[in-house]
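A.B. asks: Can you keep this structure in mind? I'll have questions shortly.
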Amino acid sequence: MLIVMHRDATDAEIRKVMDHIESLGYRAHPIPGSLRTAIGITGNQGSLHRAEFEVMPGVDQAVPVTKPYKLVSREARDERTCVDVAGVPIGAGTFTVIAGPCAVESRKQLFEIAEQVKKAGAHLLRGGAFKPRTSPYSFQGLGEEGLKLLAEARKEFDLPVVTEAMDSEGVKLVEEYADVIQIGARNMQNYSLLKAAGRARKPVFLKRGMSATLDELLMAAEYIYSEGNYQVFLCERGVRTFSMHTRNTLDLSVVPAVQEHSHLPILVDTSHGTGRRDKVPALSLAALAVGADGLMVEVHHEPEKALSDGPQALTPEMFRKLMADLKSMAPLLGRTIES
Ligand code: PEP
Ligand code: MN
């Protein structure tokens, strides 16, 4: 159920409705919009009585939500949400670029790449400290040491940092050192991890599982919302298909589908989506064209020596060219890319 407040409802009236919901033993989720506030109710098992809410001052109407995902649906908020990452907007017509190495390997490596992506115009720095690798014998990341290096790079280059948490312990650490908690494709349906991210106070970047449907992706986001963290943005990073010419099949059609059904921003990761650096630039331009809210790309100054995902990392030079191309294309589409 969604309680839609009048346009001129006061804060006190909103608070009263929330108190009433909580007194019934449910959870109230305020969802502010530019015209009015809606309050989502979760935790109820059966249906609720609309009239009970509709008689309260400031309430316009109580409407049942038909989608299984409630708080992240367009029914809850019929406009696009903008997530603020340490002053960098994700959504709201801007195109935000997250760039950096697959994994933090050393201070020298991270700082070299951070300097280059910053110069080229990246808005956020990425780098894995905890790496979900297919083989237990592959490089697993530097752990907390990697997080410390990311925090240093953030300061040095004035770039908010995005990094993955693989378990609840990791959420606490990432929350402490980084600006965004990334949930990786392999963990999209790790519900205890999603709940932990939902209790965190930092924005969450949720990647689509490699065989997840749109509904499954939005339900995963709903887990984070239902715990009270409303700073969530999504990522298409390619799905498994029979096609073998790229590492994954980048499903760009999910971008308008997400935007039709949800108010959350959605970015596209063209590095994991293709697995090949020669395919990354064109698909990144396609991500802008299809209306994505931004891009994640891997960049490495020595990709042939990278400890993970070298073949899909752009060189700094390729990244500079991509940023220039994105910036010349954006105005044609009515989009802005902050410099
Ligand atoms: C990553 O972004 O570093 C990563 C591991 O991606 P994914 O979870 O999409 O495979
Ligand atoms: Mn990677």
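When you line the sequence shown up against numbering that gives the first Met the number 0, it's residues 0 to 338, in that order.
The beta-carbon is built from N, C-alpha and C at its ideal position, and this holds for glycine as well.
Nothing here was measured: the structure is a model prediction, and the numbers come from that model.
In its own chain, which residues sit with a C-beta less than 6 Å from the C-beta of residue 5, not counting the 5 before and 5 after it?
C.D. replies: Leaving aside the five residues that flank residue 5 on each side, the residues in its chain whose CB is nearer than 6 Å to its CB run, in chain order, 57 and 59.
A.B. asks: With a CB to CB cut of under 7 Å and the five nearest residues on each side skipped, what residues in its chain are close to residue 290?
C.D. replies: 254, 255 and 258
A.B. asks: Quick check on this structure: which residue in 103, 3 and 135 has the alpha carbon closest to the alpha carbon of residue 150?
C.D. replies: 103
A.B. asks: Taking Cβ to Cβ, would you say residue 82 is nearer than 9 Å to residue 75?
C.D. replies: Between residue 82 and residue 75, the C-beta gap is not smaller than 9 Å, which leaves the two residues out of contact.
A.B. asks: For the ligand MN, any of its heavy atoms closer than 8 Å to the Cβ of residue 308?
C.D. replies: yes
A.B. asks: Excluding the 5 residues preceding and the 5 following residue 47 in the sequence, name in chain order all residues of the same chain whose CB lies nearer than 6 Å to its CB.
C.D. replies: Sequence-distant Cβ neighbours of residue 47 in its own chain, meaning closer than 6 Å and more than five residues away, are 0.
A.B. asks: May I have a chain-ordered list of the alpha helix (DSSP H) segments no shorter than 4 residues that lie completely inside the segment 138-209?
C.D. replies: 143-156, 167-176 and 190-198
A.B. asks: Does the beta-carbon distance from residue 293 to residue 282 come in below 9 Å?
C.D. replies: Between residue 293 and residue 282, the gap from beta carbon to beta carbon reaches 9 Å or more.
A.B. asks: Hey, quick one: how far does the beta strand (DSSP E) through residue 4 stretch, first residue to last?
C.D. replies: 1-4
A.B. asks: From the DSSP secondary-structure annotation, give me the bridge partner or partners of residue 321.
C.D. replies: Per DSSP, none; premise fails for residue 321.
A.B. asks: Roughly how many angstroms lie between the CA atoms of residue 12 and residue 21, to the nearest whole one?
C.D. replies: 14 Å
A.B. asks: Quick test of your reading: residue 334 and residue 92, contact by CB under 8 Å. State the CB separation rounded to the nearest angstrom.
C.D. replies: About 6 Å; that satisfies the 8 Å criterion.
A.B. asks: Can you determine whether any heavy atom of the ligand PEP sits closer than 8 Å to the C-beta of residue 271, and answer yes or no?
C.D. replies: yes
A.B. asks: Report yes if the CB atom of residue 313 is closer than 9 Å to the CB atom of residue 286, and no otherwise.
C.D. replies: no
A.B. asks: Would you please state the rounded distance, in angstroms, between the beta carbons of residue 181 and residue 206? I believe it to be under 8 Å.
C.D. replies: 7 Å
A.B. asks: Which of the three DSSP states is assigned to residue 79 in this structure?
C.D. replies: coil
A.B. asks: Taking only the alpha-carbon atoms, compute the straight-line gap between residue 240 and residue 213 and give it to the nearest angstrom.
C.D. replies: Whole-angstrom Cα-Cα distance: 15 Å.
A.B. asks: Consult DSSP for residue 232 and reduce its assignment to one of helix, strand or coil.
C.D. replies: strand
A.B. asks: Taking 8 Å as the cut-off, is the beta-carbon of residue 184 closer than that to any non-hydrogen atom of the ligand PEP?
C.D. replies: yes
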